Structure formats: structure tokens, C-alpha cells
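In what follows, a single structure is set out as C-alpha cells and then discussed.
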Amino acid sequence: MLPPAKGRAGVVDFVVACVDEAGANPCPPVIVGVGVGGTAEKCLLLAKEALLRRAGDPHPDAEVAELEAEMLRRINELGIGAMGYGGRITALAVHVEVFPTHIASLPVAVNLQCHSVRHREATL
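Counting from 325, one number per residue, gives the positions in the sequence shown under this note's numbering.
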């Protein structure tokens, strides 16, 4: 839970710090799912749901898509690289999902997914 005064820059810094702290543990290059807003529980769900989007597809909202691009650039500047051996690609994509929240809180959740991105969809 971030203080609301941290704003957009605080959200970006927090997400980048989470990836930096994880280092090679999630087997980079990773897909980063980020949830912003709602309650703490809703925020965690948003971070999981963000990973269900096709890898690399930008958010339909231009402002959120710009946020994703900024986070991806900053994460790749960390230089962690594939499997933590260094390099310019630490993340393949950053997907952000947002939800309205109370003015007195700024929930942010980060979920790191392995590069293999294994999931299946079915329409019934």
C-alpha cells in the first residue's frame, strides 16, 4: 500500500524495485503483471489478471499503455538480463490493470511470471 502522494512516479519506482529485488529468481526474461487500485485484495487479483493478456499487447487505455511502456523501459535498464546473466532484456512485457480506489490509499501489486507464459483459453 503506497501513500497516495507517491503518485505515478511512486508506482513506477515500486514496480521497478520489485523486479530488481527479485533479480534472477523468477527466471527472466519475465512478464510483469501489475494491479493498481481497488482494495488490497482486488489489487492482487488485478495483478494476476494482467498476466492473462497476450504477452506484449498494450492496454487499450493510452495512459495505461504509456505507463506500461515506461515500466518496461526502466525494468530493462536494470541489466539483469536472461536468467540473471546480464543483458538488455529483463522483461518481455509489463501489463497493468487499474481499478478505482479510495483517495486515501494507493494499492499496488506486482506479479512476476516466467517467460514461457503458459496458459490456455477456451470459449464455451
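All C-beta atoms, glycine included, are put in the ideal place defined by N, C-alpha and C. Note that the structure is predicted; figures quoted are calculated from it, not measured.
Top-ranked residue by Cα proximity to residue i, from the options
i	options	result
E401	D385, L326, A329 and V340	V340
R397	M325, L326 and D337	D337
Expected contact under 8 Å - CB spacing of residue i and residue j to nearest Å
i	j	result
G359	L370	3 Å
L416	A346	L416 to A346, Cβ: 15 Å. No contact.
V422	G361	5 Å
Beta-carbon contacts of residue i that lie in its chain and below 6 Å, excluding the five residues immediately before and after
i	result
G411	G405
L391	V420
Opposing strand residues paired with residue i [DSSP bridges]
i	result
H419	G357
N349	Answer is none; N349 lacks a bridge partner.
N400	Beta-bridge pairing links N400 to no other residue.
Sequence-distant residues of its chain with Cβ nearer than 7 Å to residue i (five each side left out)
i	result
P350	L436 and C438
Whole-angstrom distance between residue j and residue i, CA atom to CA atom
i	j	result
D344	T447	37 Å
E394	K366	23 Å
A329	A374	24 Å
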